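**Student:** Residue numbers (the working numbering), protein chains in the order written: chain A, 1 to 137; chain B, 1 to 241.
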Amino acid sequence: MHEWALAESIVMATIEEAQKEKLKTITQVTVHIGELQQIEKEIFLFALNELAKSQKPPIKKDAFQLKTDKSTLTCKNCGETWSYSDMKKKFNETESESIHFIPEVVFVHARCPQCGSPDFEITKGRGVVLSSIKGVR
Amino acid sequence: MEPRTSVIQKRLKNINRIIAVASGKGGVGKSLVASSLALHLSQKGYRVGLLDLDLYGPSSHIILGVKKEFPTEEKGIIPPMIHGISFMSIVFFTEEKPSPFRGGDISNIILELLAITQWGSLDFLIIDMPPGIGDETLDVIRYMKTSEFLVVTTPSKVAMGAVGKLLNILIELKKPVLGVIENMTMTESSFIEQTVSRVPVRYLGRIHFDETLEESIGNPDRLSETKAMKDLTVLLQKIDL
């Protein structure tokens, strides 16, 4: 249930932004979920909906739209690009769980499939991002 | 939009004091001072957390003798209790493998750790800082606004050169500095005390080089009985810790 902590950050950021924009009701919140963090979507959505109750300004029921981003990892050494799904079978359960908690530990547990370098970057699909908020003023 | 920054203050709101044990230089004994400080406060009956932010070379877990303990998941991650200290470190996720992180990754890891760690109520959170004034120091200043700094140096002019730069930036940013500890002294030179006297920071005193200390690494009960710990306790009394 570490998804709960991330959902809490989304709801708090949503409320902060809505207050800045003087929204009276929040009607739609789009959240992008990076593949690398392996979020359990159902648990995450449940947590978002639970945490959204009794907020000010109110968040409309079913306001949260979740979109999954496929990850892209790019080697700084040889330029190779690949995704988490290309290599996830190589991780044991502990390594996979560690990447779920802290996506950057992928640099610890993985290497570029082309040249073996640890010097690659997460160019897409890292973790949870609040993309847009819609509401009524 | 980055959502994690919004939740960090909530995670830290029930922590009374945050003390970052820092130095401009590596190898001066920060981790030992941080772990010993956490043990000292815990033995005094305080609720204490220890966060190892040395992401390239974490070592507090070695000093405390952490073996199989692991954080538990409950609306985030709850640090395991090690000798009465709530302990969190990147090592739970890196398994002692090399950690080739770049600057942006460091900030992301710190944000993630601060956003998902459920410390609960603490009297003190001690942070074992990496050396220097890079991402970790700047992120602690940015996200942990109430943090106070306890600065460690050795008697070396080389160490003090780097420590002086850390002190200057902390003074410039108006961060509270509890004082400077001179660690691993072998002579009674006054060089560090005189150098510190030129800045508005308190020189707390010396921890003498303790050749038996290494035997106590990994055993907090023995660590608490060392001459180094006794020296530290005297210095901490000067700042009411």
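Using N, Cα and C, we set each Cβ at its ideal position, and we do this for glycine too.
Source: prediction; values computed, not measured.
Starting from the beta carbon of B/N108, find every residue of chain A whose beta carbon is closer than 7 Å, and list them in chain order.
**Tutor:** Those within 7 Å of B/N108 in chain A are E104.
**Student:** Given a cut-off of 9 Å on the beta-carbon distance, is the pair B/L37 and B/L150 in contact?
**Tutor:** Closer than 9 Å, so yes.
**Student:** Taking the beta strand (DSSP E) that A/T68 belongs to, which residues open and close that run?
**Tutor:** Run containing A/T68: F64 to D69, per the beta strand (DSSP E) assignment.
**Student:** Around the C-beta of B/R47, are 16 or more other C-beta atoms found within 10 angstroms, so that it is buried, or is it exposed?
**Tutor:** B/R47 comes out buried.
**Student:** Three-state secondary structure (DSSP) at B/H208?
**Tutor:** If DSSP states are grouped into helix, strand and coil, B/H208 belongs with the strands.
**Student:** According to DSSP, which residues form a beta bridge with B/S86?
**Tutor:** Note: B/S86 sits in a beta bridge opposite B/G49 and B/M81.
**Student:** Mind pulling the chain A residues with CB within less than 7 Å of B/D105?
**Tutor:** Result: E104 and F107.
**Student:** So, is the C-beta of A/S9 closer than 9 Å to a C-beta in chain B?
**Tutor:** Yes, because at least one Cβ of chain B sits closer than 9 Å to the Cβ of A/S9.
**Student:** Straight-line CA distance for B/L113 to A/K56?
**Tutor:** Distance between the alpha carbons of B/L113 and A/K56 is about 27 Å.
**Student:** Taking Cβ to Cβ, would you say B/L39 is nearer than 9 Å to B/I85?
**Tutor:** Cβ distance < 9 Å, so B/L39 and B/I85 count as in contact.
**Student:** Considering Cα atoms alone, identify which of A/K24, A/S83, A/H109 and A/S85 is closest to A/E95.
**Tutor:** For A/E95, the nearest C-alpha among the options comes from A/H109.
**Student:** Among B/M81, B/K25, B/G218 and B/L178, whose alpha-carbon lies nearest the alpha-carbon of B/L235?
**Tutor:** Ranking B/M81, B/K25, B/G218 and B/L178 by Cα distance to B/L235 puts B/L178 first.
**Student:** What's the C-alpha gap between B/I192 and B/Y56?
**Tutor:** Taking the straight line joining both Cα atoms gives about 28 Å.
**Student:** Which residues mark the beginning and the end of the alpha helix (DSSP H) in which A/Q37 is found?
**Tutor:** Segment: none, A/Q37 is in no alpha helix (DSSP H) and carries neither H nor E.
**Student:** Just the chain A side, please: which residues come within less than 7 Å of B/P100 by C-beta, in chain order?
**Tutor:** Within chain A, the residues near B/P100 are F107, P118 and D119.
**Student:** Under the three-state reduction of DSSP, which class applies to A/S117: helix, strand or coil?
**Tutor:** It is coil, neither helix nor strand.
**Student:** Along chain A, which residues have their Cβ under 9 Å away from the Cβ of B/F87?
**Tutor:** Per Cβ cutoff of 9 Å: no residues; B/F87 is ~16 Å from chain A at best.
**Student:** How many Å lie between B/D221 and B/A34 at the Cα?
**Tutor:** Distance between the alpha carbons of B/D221 and B/A34 is about 16 Å.
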